[in-house]
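Peer 1: A single structure is presented below for examination.
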Amino acid sequence: MHELAITQSMLDLVLEQAEKAGAREVGRINLVIGEMSGIVEECVKFYFDFISKGTLAERAALSFTMVPTMARCRGCDRLFKVKEFDWACPYCQGNNMEIVAGKELFVKY
Ligand SMILES: [Zn+2]
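Per the numbering used here, numbering of the sequence shown is gapless, rising by one per residue and ending at 171.
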């Protein structure tokens with residue numbers, strides 16, 4: 063159930079920014095989620111509807127940008143998209159790599 067905590071901190075952040083900007087209402091929130099973060103969009107939406115009631119963000123449209131998992135091969139130094147359970151470099155078949163994207167989770171705007 064970690065989506066609830068995440069949604070709550072996202073809402074807090076958005077409200078804080080909205081207050082600073084003197085906004086009367088939050089129209090749109092875009093959340094960037096990495097494929098590897100394990101966050102389920104539907105859960106975030108569900109919690110958001112629930113906890114945003116009575117706040118500036120009550121009627122905000124929630125949108126999501128999914129970031130695919132990317133890795134860099136240490137063998138040939140190429141960047142590639144990681145397929146689930148397929149942890150080999152498509153260029154040299156090496157399996158020594160570092161994850162460079164896919165763990166993201168932040169409010170974009
Ligand atoms: Zn490689």
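Ideal placement from N, C-alpha and C gives every residue a C-beta, glycine not left out. Being a predicted model, the structure only gives us computed values, none of them experimental.
In three-state DSSP terms, what is residue 111?
Peer 2: Taking the sequence shown and counting its residues from 1, the one referred to as residue 111 is at position 49. In this structure, residue 111 counts as helix in the three-state DSSP scheme.
Peer 1: Per DSSP, which residues does residue 74 bridge with? Please list them.
Peer 2: By one-based count along the sequence shown, residue 74 stands at place 12. For residue 74, which the question treats as bridged, DSSP gives no partner whatsoever.
Peer 1: By a C-beta neighbour count over all protein chains shown, 10 Å radius and 16 as the cutoff for buried, is residue 101 buried or exposed?
Peer 2: Position 39 of the sequence shown, counted from the first residue, corresponds to residue 101. So residue 101 ends up on the buried side.
Peer 1: Return the residue from the list 125, 156, 123, 65 that minimises the CA-CA distance to residue 137.
Peer 2: Looking up residue 137 in the sequence shown gives position 75. Measuring from the Cα of residue 137, the nearest candidate turns out to be 156.
Peer 1: If you drop the 5 nearest sequence neighbours on each side, which residues of the same chain put their C-beta closer than 7 Å to that of residue 85?
Peer 2: Counting from 1 along the sequence shown, the entry for residue 85 is found at position 23. Counting only Cβ-Cβ distances below 7 Å, and skipping sequence neighbours, we find 118.
Peer 1: Which one of 123, 67, 110, 164 has the shortest CA to CA distance from residue 134?
Peer 2: Walking along the sequence shown from the start, residue 134 turns up at place 72. Nearest option by C-alpha distance: 164.
Peer 1: Beta-carbon distances below 7 Å to any heavy atom of ligand 1 define the shell here; list its residues in chain order, please.
Peer 2: Working through the chain, the matches are 135, 137, 138, 140, 151, 153, 154, 156.
Peer 1: In or out: residue 114 buried (at least 16 other Cβ within 10 Å) or exposed?
Peer 2: Numbered from 1 along the sequence shown, position 52 holds the residue referred to as residue 114. Buried.
Peer 1: By how many angstroms is the C-alpha of residue 77 removed from the C-alpha of residue 91?
Peer 2: Here residue 91 refers to the residue found at position 29 of the sequence shown. Here residue 77 refers to the residue found at position 15 of the sequence shown. Each residue's Cα considered, the two are about 11 Å apart.
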